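Asker:
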Amino acid sequence: ITMCGIAGFYNPHDHYLKEKEHCGEILKSMAQCQKHRGPDDAGLFLSEHGGLSHARLSIIDLAGGHQPMVKSGSGQTFAIVYNGELYNTCELRQELLGRGLVFQTSSDTEVILAGYMEFGPDFVKRLNGIFAIAILDTAKNRLCLFRDRAGVKPLFYMVRGEEIIFSSEPKGILAYPGVRPALDKKGLNEIFSIGPARTYGCGVFKDMEELLPGHFLICSAEGLRLKSYWKLESRPHEDSYEETIEKTSFLVQDAVRRQMVSDVPICTFLSGGVDSSLVSAICASELRKQGKRLTTFSFDFVDNDKFFKANSFQPSQDRPFVDRMVRFLDSDHHYLECDNLTQADRLYDSVLAHDMPAMGDIDSSMLQFCSMVKEHNKVALTGECADEIFGGYPWFHKKECFEAHTFPWTMDLEARKVLLDDSFIEYLDMDGYVRNTYERSVAETPRLPEDTPVEARRREIAWLNLRWFMQTLLNRMDRASMYSGLEARVPFADHRIMEYVWNVPWDMKTRDGVVKNLLRQSAKGLLPEDILFRRKSPYPKTYDTSYEKLLAGRVREMMCDSHAPVMQFLDRKKLERFLSSPGDYGKPWYGQLMAGPQMMAYVLQINYWMKAYDIELVQ
3 ITMCGIAGFY
13 NPHDHYLKEK
23 EHCGEILKSM
33 AQCQKHRGPD
43 DAGLFLSEHG
53 GLSHARLSII
63 DLAGGHQPMV
73 KSGSGQTFAI
83 VYNGELYNTC
93 ELRQELLGRG
103 LVFQTSSDTE
113 VILAGYMEFG
123 PDFVKRLNGI
133 FAIAILDTAK
143 NRLCLFRDRA
153 GVKPLFYMVR
163 GEEIIFSSEP
173 KGILAYPGVR
183 PALDKKGLNE
193 IFSIGPARTY
203 GCGVFKDMEE
213 LLPGHFLICS
223 AEGLRLKSYW
233 KLESRPHEDS
243 YEETIEKTSF
253 LVQDAVRRQM
263 VSDVPICTFL
273 SGGVDSSLVS
283 AICASELRKQ
293 GKRLTTFSFD
303 FVDNDKFFKA
313 NSFQPSQDRP
323 FVDRMVRFLD
333 SDHHYLECDN
343 LTQADRLYDS
353 VLAHDMPAMG
363 DIDSSMLQFC
373 SMVKEHNKVA
383 LTGECADEIF
393 GGYPWFHKKE
403 CFEAHTFPWT
413 MDLEARKVLL
423 DDSFIEYLDM
433 DGYVRNTYER
443 SVAETPRLPE
453 DTPVEARRRE
463 IAWLNLRWFM
473 QTLLNRMDRA
483 SMYSGLEARV
493 PFADHRIMEY
503 VWNVPWDMKT
513 RDGVVKNLLR
523 QSAKGLLPED
533 ILFRRKSPYP
543 KTYDTSYEKL
553 LAGRVREMMC
563 DSHAPVMQFL
573 DRKKLERFLS
583 SPGDYGKPWY
593 GQLMAGPQMM
603 AYVLQINYWM
613 KAYDIELVQ
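The numbering of the sequence shown is our numbering, which starts it at 3 and goes up by one.
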């Protein structure tokens with residue numbers, strides 16, 4: 003397995019070998035700009051109709067996992083590039099050996115390629131893992147692109163005539179000759195009306211798309227064929243409460259154990275909340291059996307103990323709970339801290355990591371923390387995604403979210419319009435764009451006829467969380483970690499957990515009115531009680547007002563820059579008013595954390611992005 007960056011191109015009628023050197027250079031540059039994803043190794047493969055490139059971070063089979071991997075069988079050639087992690091390699095390898103296949107390496111890359119050669123594209127259904135895969139099948143003259151079920155690993159593509167260009171990150175596609183970064187009305191809406199979320203499948207840049215989670219795309223002379231190989235299905239939940247706890251406990255522990263597979267030492271992120279503490283506890287006990295000690299990391303901001311203000315979203319600080327867990331686990335713990343200046347400066351790196359504006363300092367601080375973790379470890383396990391799957395967010399049970407005909411994490415668009423020019427707001431038709439996007443998404447919710455209206459609405463909210471909010475956080479985790487060549491794994495996003503918990507009734511998920519009680523009960527005996535029943539507190543952010551002043555200074559500088567591209571969308575008077583009133587930390591405009599200071603950070607990111615990428619606005 004490898005964490006890495008993949009890229010390439012395909013055209014059923016082109017003859018790339020005629021321009022071998024030129025095409026080789028293109029592949030090199032597509033890999034080079036993603037080198038942060040894979041600093042350890044690089045390779046490329048070119049055939050008559052397609053090319054693949056790869057930048058690699060070695061985690062398993064450090065010697066034998068070079069890519070692109072090429073296999074030949076009965077006079078035909080198959081080549082693969084793959085970014086990801088397979089958690090059931092051993093079972094699949096045994097099955098293929100039983101069918102007489104021979105393996106040259108111990109890497110899961112070869113298992114995937116052999117599986118494709120034996121069973122075709124449907125082999126993807128047997129994979130348990132996180133992945134973005136490209137396979138060039140010269141016999142059938144086709145390119146197949148695959149993405150994992152939860153969408154943990156990214157895969158973007160662009161179609162130009164008969165040619166398709168693909169890459170782990172948009173920058174790989176933008177490195178292709180003749181591709182210009184452009185934004186049309188839809189892209190502007192994604193940034194201003196929906197952002198920092200993105201409509202699933204949308205690559206924000208004009209004509210750029212992202213392969214949907216749980217789908218594969220077959221490109222051939224017949225054109226493009228997009229196929230879903232996995233989706234959530236609603237069915238009645240037959241298990242008793244006790245059986246549900248037992249099954250959940252097994253699935254979570256099994257997912258964590260499988261995701262510990264690595265030839266280099268692993269670590270965990272530890273916030274002292276139930277999700278990261280549970281992942282850490284399972285890892286620590288597994289390592290103890292091998293006579294090893296778990297390394298853990300926690301994140302906070304310099305002097306946050308002085309500035310912290312409890313609010314309904316963030317009821318308590320992490321530090322006391324982290325200390326409690328470190329003693330409980332006896333882990334080798336590192337307390338990491340980020341200061342104001344680093345956090346503000348990293349906003350720009352965060353744009354480069356995403357190729358677009360992101361979650362402001364929620365992202366930039368994560369990027370900084372990941373770069374600090376990378377100095378010690380290459381692989382980290384995190385507690386991400388448990389809230390989306392088990393219903394941990396306030397909007398799963400708040401009356402106003404239930405009744406809102408919009409995304410529950412960004413219910414009031416007025417907070418977004420606060421800086422925008424009125425004619426720009428009108429041009430975008432922000433409300434209309436959000437409403438249409440929301441209605442399209444909600445309509446896709448897998449229904450169960452016997453659901454009560456309340457349960458049906460709850461399913462809609464759960465669906466929106468998996469399709470939207472979880473994607474934003476998975477994106478953030480992938481780009482923030484891969485920017486420093488750190489691989490962050492998310493065991494809660496195991497598709498078996500998602501499938502099972504999806505159909506568990508709300509009453510079981512929150513038995514006795516306790517949020518995420520199903521997860522807590524399934525972790526009984528693995529964690530101390532005070533950790534097990536700690537109230538949810540999200541990822542930390544700084545409450546230091548001098549951070550806000552620092553951003554305000556940068557926004558003022560931007561206002562004085564006659565070449566600042568974002569200023570064409572903003573209203574100067576509104577901006578002045580915003581800068582002179584103190585930030586309201588309790589009223590987020592996105593999620594639970596993004597309030598006044600994050601609005602400034604987001605605007606700075608948009609401005610930097612448009613400038614650094616030289617983005618063209620098109621109708």
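The beta carbon of each residue, even a glycine, is placed where N, CA and C say it ideally should be. No experiment lies behind these values; they were computed from the predicted model shown.
Is the separation between the beta-carbon of Asp16 and that of His68 shorter than 9 Å?
Answerer: For Asp16 and His68, no; Cβs fall outside 9 Å.
Asker: Hey, Leu147 and Leu138 are a contact pair by Cβ (cut 8 Å); roughly how many whole angstroms apart?
Answerer: Not really, about 10 Å apart at Cβ, beyond 8 Å.
Asker: Mind pulling the beta strand (DSSP E) runs of 3 or more residues that sit fully within the region 429-503?
Answerer: Segments of the beta strand (DSSP E) lying fully in the region 429-503: 489-491.
Asker: Taking 9 Å as the cut-off, decide whether the C-beta atoms of Asn90 and Arg128 are in contact.
Answerer: Going by C-beta atoms, Asn90 is nearer than 9 Å to Arg128.
Asker: Give the single residue among Asp357, Phe398, Tyr485 and Pro322 whose Cα lies nearest to the Cα of Lys380.
Answerer: For the residues Asp357, Phe398, Tyr485 and Pro322, the minimum Cα distance to Lys380 belongs to Tyr485.
Asker: If you scan the region 167-242 from start to end, which runs of the alpha helix (DSSP H) of 4 or more residues do you find wholly inside it?
Answerer: Runs of the alpha helix (DSSP H) inside the region 167-242: 172-176 and 187-191.
Asker: In whole angstroms, what separates the C-alpha of Thr547 from that of Ser251?
Answerer: Computed Cα separation, rounded: 42 Å.
Asker: Figure out for me which residue from Asp325, Leu253 and Arg295 has the closest Cα to the Cα of Leu272.
Answerer: If we check each option's Cα against that of Leu272, Asp325 comes out closest.
Asker: Report yes or no: do the region 489-496 and the region 378-393 share at least 3 C-beta pairs separated by less than 8 Å?
Answerer: At 8 Å Cβ cutoff, the stretches touch.
Asker: Would you call the CB atoms of Ile359 and Gly197 closer than 9 Å?
Answerer: Position check: residue 359 holds Pro in this sequence, whereas Ile was assumed. The answer is yes: Cβ separation under 9 Å.
Asker: Asn505: which of Arg481, Ala177 and Pro448 sits nearest, CA to CA?
Answerer: Considering only alpha carbons, the answer is Pro448.
Asker: Identify whether Gly393 lies in helix, strand or coil by the three-state DSSP scheme.
Answerer: If DSSP states are grouped into helix, strand and coil, Gly393 belongs with coil.
Asker: Tell me whether the region 221-231 and the region 242-250 touch, counting them as touching only if at least three CB pairs, one residue from each stretch, are closer than 8 Å.
Answerer: No, they do not touch.
Asker: Which of the three DSSP states is assigned to Glu245 in this structure?
Answerer: Of the three classes helix, strand and coil, the one that applies to Glu245 here is helix, per DSSP.
Asker: Could you check where the alpha helix (DSSP H) with Ile364 kicks off and where it finishes?
Answerer: From DSSP, the alpha helix (DSSP H) with Ile364 extends over Gly362 to Lys376.
Asker: Determine the direct distance from the alpha carbon of Tyr502 to that of Glu235, and round the result to whole angstroms.
Answerer: Whole-angstrom Cα-Cα distance: 10 Å.
Asker: Going by CA-CA distance only, name the one from Gly10, Met601, Phe330 and Gly362 that's closest to Lys173.
Answerer: Among Gly10, Met601, Phe330 and Gly362, the Cα nearest to that of Lys173 belongs to Gly10.
Asker: Can you name the residues that DSSP bridges to Ile135?
Answerer: Bridge partners of Ile135: Tyr84 and Phe148.
Asker: Which residue's Cα is closest to the Cα of Gln370: Gly393, Ala346 and Arg469?
Answerer: Measuring from the Cα of Gln370, the nearest candidate turns out to be Ala346.
Asker: With a Cβ-Cβ cutoff of 9 Å, do Leu622 and Asp277 count as a contact?
Answerer: A question about residue 622 goes unanswered here, because the residues of the chain that appear run from 3 up to 621.
Asker: Assuming the contact rule is C-beta atoms closer than 8 Å, Gly362 and Gln594 should be a hit. Round their C-beta distance to whole Å, please.
Answerer: Not a contact, Cβ separation roughly 13 Å.
Asker: Rounded to whole angstroms, what's the CA-CA distance from Gly471 to Gln106? Just pull it up for me.
Answerer: As written in the sequence, residue 471 is Phe, which differs from the Gly given in the question. Distance between the alpha carbons of Phe471 and Gln106 is about 41 Å.
Asker: Along the chain, where does the alpha helix (DSSP H) containing His24 start, and where does it finish?
Answerer: Here the alpha helix (DSSP H) through His24 covers Lys22 to Gln34.
Asker: Tell me which residue opens and which closes the alpha helix (DSSP H) that Arg290 is part of.
Answerer: That run of the alpha helix (DSSP H) goes Val276 to Lys291.
Asker: Per the DSSP calculation, Arg162 is bridged to which residue(s)?
Answerer: Glu165, per the DSSP bridge assignment.
Asker: Taking 9 Å as the cut-off, decide whether the C-beta atoms of Ile499 and Ile617 are in contact.
Answerer: Their beta carbons are not under 9 Å apart, which means Ile499 does not touch Ile617 by this criterion.
Asker: Considering just the uninterrupted stretch of the alpha helix (DSSP H) at Arg100, what are its terminal residues?
Answerer: Looking at the sequence itself, residue 100 is Gly, so the reference to Arg does not match. Counting along the chain, the alpha helix (DSSP H) containing Gly100 begins and ends at Thr91 to Gly100.
Asker: So, with DSSP's three-state summary, where would you put Gln255?
Answerer: Three-state DSSP puts Gln255 in a helix.
Asker: When the Cα atoms are used, what is the spatial distance from Ser169 to Arg162?
Answerer: If you take the alpha carbons of Ser169 and Arg162, they lie about 14 Å apart.
Asker: Going by beta carbon distance, what residues of the same chain come within less than 7 Å of Cys35, once the five residues before and after it are set aside?
Answerer: For Cys35, where only same-chain residues beyond five positions count, the Cβ hits under 7 Å are Lys173, Gly174 and Ala177.
Asker: For a quick check, are the C-beta atoms of Thr201 and Thr439 less than 9 Å apart?
Answerer: For Thr201 and Thr439, yes; Cβs fall inside 9 Å.
Asker: Where does Ala388 sit, in a helix, a strand or coil, going by DSSP?
Answerer: DSSP places Ala388 in helix when its eight states are reduced to three.
Asker: Where Leu553 and Tyr350 are concerned, what is the direct C-alpha to C-alpha distance, given to the nearest angstrom?
Answerer: Those two C-alpha atoms are separated by around 13 Å.
Asker: Touching or not, the region 180-199 and the region 106-125, by the rule of three or more beta carbon pairs under 8 Å?
Answerer: The region 180-199 is not in contact with the region 106-125.
Asker: Below 8 Å on the Cβ atoms is my contact criterion, and I expect Ala283 with Leu331 to pass it. Report the Cβ-Cβ distance as a whole number of Å.
Answerer: Contact holds; Cβ gap of about 6 Å.
Asker: Assign Ala346 to one of three DSSP states: helix, strand, or coil.
Answerer: Here Ala346 sits in helix by DSSP.
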